[in-house]
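Below you'll find the structure, written out as structure tokens, and then a few comments.
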Amino acid sequence: MLNNEFKKKFDLEKEVPKKIGIKKDFSEFMMKLDSIQNTAFIGTLIKVKNREDLASRTHKSSSQFASENPEKTILEDQAQYPGGFNTLRKQVADLFYTEAILPDQKVIKTNVVFVVEKDGTISSVHAEGDHFAFNRQAEIAMYLLPEKFSPAIINGTAVRYRFRLPLAMNFE
31 MLNNEFKKKF DLEKEVPKKI GIKKDFSEFM MKLDSIQNTA FIGTLIKVKN
81 REDLASRTHK SSSQFASENP EKTILEDQAQ YPGGFNTLRK QVADLFYTEA
131 ILPDQKVIKT NVVFVVEKDG TISSVHAEGD HFAFNRQAEI AMYLLPEKFS
181 PAIINGTAVR YRFRLPLAMN FE
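Everything in the sequence shown is counted per our numbering, starting at 31 for the first residue and increasing by one.
Pasting the structure below:
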């Protein structure tokens with residue numbers, strides 16, 4: 031809708047300097063909007079992480095990933111994202127806000143570790159890598175995924191499942 035309004039205004043203007051001004055205003059506006067959206071995502075990430083930290087302190091006994099008798103547990107199904115691993119990676123890449131990253135190297139890598147809960151939601155997302163901003167953006171992208179995972183199954187019961195997703199991005 032914003033694109034259409036700016037385009038209408040741009041198309042109606044006859045003078046070239048004013049057209050250039052409209053185009054510049056639009057670019058600046060979109061950058062500010064992106065920045066505001068990213069700030070909101072970071073605020074949401076902080077709230078979610080705080081909530082998870084509080085929950086883990088009050089529910090220590092429920093944080094087990096397998097039953098208490100490990101020799102009797104048989105993993106029947108591991109947690110899976112709808113569409114598979116490649117769909118997950120593509121969606122994370124699409125949700126990634128690269129404008130927040132000022133790369134000091136061509137390739138930045140991180141490993142995102144998270145828990146797929148019994149209901150397929152994710153929690154305890156933590157990215158481990160050398161680039162702080164890249165790690166935060168990876169965590170935000172994970173929380174923004176549009177679909178739930180199918181949970182892991184042990185002995186016919188849905189269980190929590192720890193998942194590791196390596197990510198790398200080229201900056202040119």
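Yeah, the Cβ is synthetic: ideal placement off N, Cα and C, and Gly gets one too.
For residue 173, the three-state DSSP class (helix, strand or coil): In this structure, residue 173 counts as helix in the three-state DSSP scheme.
Candidates 56, 155 and 166: closest to residue 138 by CA position: 166
Between the CA atoms of residue 164 and residue 94 - distance to the nearest angstrom: Confidence at residue 94 is low in this model, with a pLDDT of 48, below 50, so its placement is unreliable and the value that follows should be read with caution. Roughly 29 Å between the two C-alpha positions.
Proximity to residue 193 [Cα-Cα], best of 132, 58 and 111: The closest CA to that of residue 193, considering only 132, 58 and 111, is found on 111.
Limits of the unbroken beta strand (DSSP E) element including residue 192: Run containing residue 192: 191 to 200, per the beta strand (DSSP E) assignment.
First through last residue of the alpha helix (DSSP H) which encompasses residue 116: 115 to 125
Residues bridged to residue 141 [DSSP beta-bridge criterion]: 158 and 196
Residue 163 - DSSP class collapsed to helix/strand/coil: helix
Contact between the segment 146 to 156 and the segment 122 to 137 (3+ Cβ pairs under 8 Å): no
Opening and closing residue of the beta strand (DSSP E) in which residue 104 lies: That residue, residue 104, is in no beta strand (DSSP E); it is neither H nor E in DSSP.
Close-in-space but distant-in-sequence residues of the same chain around residue 131 (CB under 6 Å, 5 per side omitted): For residue 131, where only same-chain residues beyond five positions count, the Cβ hits under 6 Å are 163 and 164.
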